[in-house]
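Below is one structure, written out as structure tokens; the observations come after it.
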Amino acid sequence: MPRSPVVLIIEDDDATRRMYTFLLGSYGYQVIEAIDGQEALEKLATQMIDVLITGYAMPGISGLELIQKARQQGHQTYIIFITALDLASIERSALQHGANAYIGKPFEIEQLLLHLGEGLQRASSGSLLVSR
């Protein structure tokens, strides 16, 4: 039996993190949770993560710093950056730091599922290109 795709959710708000976990779990994803960027880096170092979902503002290191550190450490995990800040400069920074996809809030779950599917497909083919 093939393993379920593993998604690491980094979200400091408990209710939002639980919502992501419930929704993605109902679609067959195994969800691992982290409350901040440091915890996320620790989980990346010790577990096989297919897709990482992070936001911009978090306690400790920002989402941009998390992406940059993950890439500097050699992690090829597909990264989806989600934020309510609707600024072209934030989107550009996220993609320049190594995010593969950017989603602005509010969004439909289908949009997230589409990016997750793209991430898993690209990860399995070895091609991690940027998408919007």
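Take the sequence shown: its letter number 70 is residue 88 in the numbering used here, and every next letter is one higher.
Even for Gly, the Cβ is constructed at its ideal location relative to N, Cα and C.
**Prompt:** Sorted by chain position, which residues of the same chain lie with C-beta nearer than 6 Å to residue 38's C-beta, five sequence neighbours on each side aside?
**Reply:** For residue 38, where only same-chain residues beyond five positions count, the Cβ hits under 6 Å are 27.
**Asked** In chain order, what residues of the same chain have a beta carbon less than 7 Å from the beta carbon of residue 103, not counting five sequence neighbours either side?
**Response** Cβ neighbours of residue 103 beyond the five flanking positions: 74.
**Message:** For residue 29, count the other beta carbons within 10 Å of its own beta carbon; 16 or more makes it buried, fewer makes it exposed. Which is it?
**Reply:** With 16 or more Cβ atoms within 10 Å of its Cβ, residue 29 is classed as buried.
**Request:** List the DSSP bridge partners of residue 132.
**Result:** DSSP, once it has assigned bridges, lists no residue as partnering residue 132.
**Asked** Who does residue 51 pair with in a DSSP beta bridge?
**Response** DSSP lists 27 as partners of residue 51.
**Item:** Spatial distance of residue 76 from residue 143 (CA atoms)
**Value:** In a straight line, the C-alpha of residue 76 is about 31 Å away from that of residue 143.
**Message:** Please classify residue 63 as buried or exposed, where buried requires at least 16 other C-beta atoms within 10 Å of its C-beta.
**Reply:** By the beta-carbon neighbour count (other beta carbons within 10 angstroms, threshold 16), residue 63 is exposed.
**Request:** Could you spell out where the alpha helix (DSSP H) holding residue 40 opens and where it closes?
**Result:** First-last of the alpha helix (DSSP H) with residue 40: 32-44.
**Prompt:** Leaving out the 5 sequence neighbours to the left and right, which residues in its chain are closer than 7 Å to residue 83 when beta-carbon positions are compared?
**Reply:** Scanning its chain for C-beta atoms nearer than 7 Å, with the 5 sequence neighbours on each side dropped, one finds around residue 83 the residues 55, in chain order.
**Asked** Quick one: is residue 40 buried, meaning 16 or more other Cβ sit within 10 Å of its Cβ, or exposed?
**Response** Taking a 10 Å sphere around the C-beta of residue 40, we find fewer than 16 other C-beta atoms and assign the residue as exposed.
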